Amino acid sequence: MSKPVIGFIGLGLMGGNMVENLQTRGFQVNVMDLNKDAVAKVIARGNATEVSSGKELAEKSDIVMLALTTSKVVELVVYAEDGILAGMSEGKTLIDFGTSIPDSTRKIGADLAAKGCGMIDAPLGRTPAHAKDGLLNIMAAGDIETFNKVKPVLDEQGENVFHLGALGAGHTTKLINNFIGMTTVTAMSQAFAVAKAAGVDGQQLFDIMSAGPSNSPFMQFTKFYAVDGEEKLGFSVANANKDLGYFNQMVADLGGESLIAQGTSANLQAAVDAGLGNNDVPVVFDYFNTLFAK
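See below:
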């Protein structure tokens, strides 16, 4: 059985490696990105075509995949006059691998359904290195028929592919996951900054905390920067700040409020304002240190 043609928009660290994995596994790809160097790398590997619009990409592809930065960008790419929606036809499927606002995802899904097309929201876990090897964690959601239709392709991209329910459940789960993770890293980074200000050795603090239930991979990543000065998480303060903003919006859309998330978001925003947006999230440690400057 022939493999579906894949259209892919978003060739950043994660998306670029995902496309390389697809090419390695024999998929034909159509790609579009503002970064022409990234496009050139895909074309050089062969079995790939650059397209000039979302409409053209959708017309020439069986499955359209997005690895974009924000819900706003996703909506621009989908709803532009020459965007994805204009080129979709019955039987095609859109997969959004980014972290988006669930209400936006459901709106796009409804508009696609009106054209006889399916949609899966499938945010990702793990790193660009895992993407290159097809070993991502994929949190997919959407109607089960659409999920089953594209699962063979998702299985080539992820080691663990979860179906989480109706469209939007994937993005909801990812935002909750990132709320927990980024709040943990922010709190631990502040803990190391307080310890430093109080004259407590950071390595000793880590040894004590990691011997108990506070130990976690997030603590390890925090320690790598706060104690060892190494950035190893691979997720920026700016991205974390964006995701916490989306989480707060999602909570508000549900009629609630999260003071914890608002606190994390305020600290991340302050770190962005201090010029740390492009750094790893544990670098918020440097921002917290400035609060104790004498």
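Position one of the sequence shown corresponds to residue 7 (the numbering used here), numbered consecutively onward. Yeah, the Cβ is synthetic: ideal placement off N, Cα and C, and Gly gets one too. All figures in this text were calculated on a predicted structure; none of them were measured in a lab.
Please identify the residue among the options whose C-alpha is closest to the C-alpha of residue i.
i      : options                        : result
Asp234 : Leu265, Phe198, Leu181, Ser242 : Phe198
Asp102 : Lys61, Gly148, Phe230, Gly269  : Gly148
Gly122 : Pro129, Gly104, Ala135, Ala92  : Ala92
Gly32  : Ile12, Leu211, Ala175, Met225  : Ile12
Leu274 : Gly187, Pro219, Gln210, Gly262 : Gly187
Ala120 : Lys98, Ile49, Ala137           : Lys98
Leu74  : Lys42, Ala46, Thr105, Val48    : Thr105
Val84  : Glu62, Ala193, Ile114          : Ile114
Ile144 : Asn27, Gly176, Gly171          : Gly176
Gly68  : Pro223, Pro10, Met20, Leu19    : Rather than Gly, the amino acid found at residue 68 in this sequence is Asp. The shortest Cα separation from Asp68 among Pro223, Pro10, Met20, Leu19 belongs to Pro10.
Leu100 : Val159, Asn53, Asp213, Asp259  : Val159
Glu81  : Phe212, Ala137, Thr111, Leu260 : Thr111
Glu62  : Tyr231, Ile49, Asn36           : Asn36
Thr179 : Ser8, Leu28, Ala128            : Ala128
Glu26  : Gln226, Lys157, Lys229, Glu162 : Glu162
Gly5   : Thr30, Asn41, Gln29            : The requested residue 5 is not part of the displayed model; the chain covers only 7 to 300.
Asp139 : Leu28, Ala86, Gln210, Ala46    : Leu28
Met71  : Glu87, Glu96, Asp39            : Asp39
Arg51  : Val206, Thr30, Ile214, Phe212  : Thr30
Ser8   : Phe14, Phe227, Gln34           : Gln34
Lys248 : Thr55, Glu56, Ile49, Val79     : Val79
Gly131 : Ala86, Lys155, Val167, Glu151  : Val167
Using a Cβ-Cβ cut-off of 8 Å (strictly less than) and excluding sequence neighbours within five positions of residue i, which residues of its own chain qualify?
i      : result
Asn295 : Ala199, Lys202, Ala203
Leu173 : Thr111, Arg112, Gly115, Met125, Ile126, Asp127, Ala147, Gly148, Asp149
Ser222 : Thr190
Specify, as a first and last residue, the run of the alpha helix (DSSP H) that residue i falls within.
i      : result
Ala197 : 175–203
Ala258 : 243–259
Leu160 : 150–163
Gly22  : 19–30
Asn273 : 265–277
Gly208 : 208–216
Lys9   : Per DSSP, Lys9 belongs to no alpha helix (DSSP H) and is neither H nor E.
Ser77  : 77–85
Thr228 : 223–232
Leu297 : Run containing Leu297: none; DSSP gives neither H nor E here.
Ala92  : 90–93
Arg44  : One detail in the question is off: residue 44 reads as Ala in this sequence, not Arg. Counting along the chain, the alpha helix (DSSP H) containing Ala44 begins and ends at 42–50.
Leaving aside the five residues before and after residue i along the sequence, list all residues of the same chain whose C-beta is less than 6 Å from its C-beta, in chain order.
i      : result
Asn285 : Val243
Glu165 : Leu141
Gly22  : Ala44
Gly240 : Thr133
Ser77  : Ser106, Ile107, Ser110
Thr190 : Phe224
Ala137 : Met20, Asn23, Met24
Ala299 : none
For residue i, which beta-bridge partners are listed by DSSP?
i      : result
Ser310 : In this structure the chain extends from 7 to 300, so residue 310 is not present and cannot be described.
Val37  : Phe14, Glu56
Leu100 : Val70, Met125
Asn166 : Asn143
Asp286 : Ser242
Leu130 : Ile144
With a CB to CB cut of under 7 Å and the five nearest residues on each side skipped, what residues in its chain are close to residue i?
i      : result
Tyr293 : Ala276, Ala277, Ala280, Leu282
Phe153 : Ile126, Ala146, His169
Phe185 : Leu250, Phe253, Ala267
Tyr231 : Glu237, Asp286, Pro288, Val289, Phe291
Asp117 : Leu91
Gly89  : Gly60, Lys61, Val83
Thr270 : Met188, Thr189, Thr192, Leu250
Ile2   : Nothing can be reported for residue 2, as the shown portion of the chain is limited to 7 through 300.
Could you give the residue range of the beta strand (DSSP E) that holds residue i?
i      : result
Met145 : 142–146
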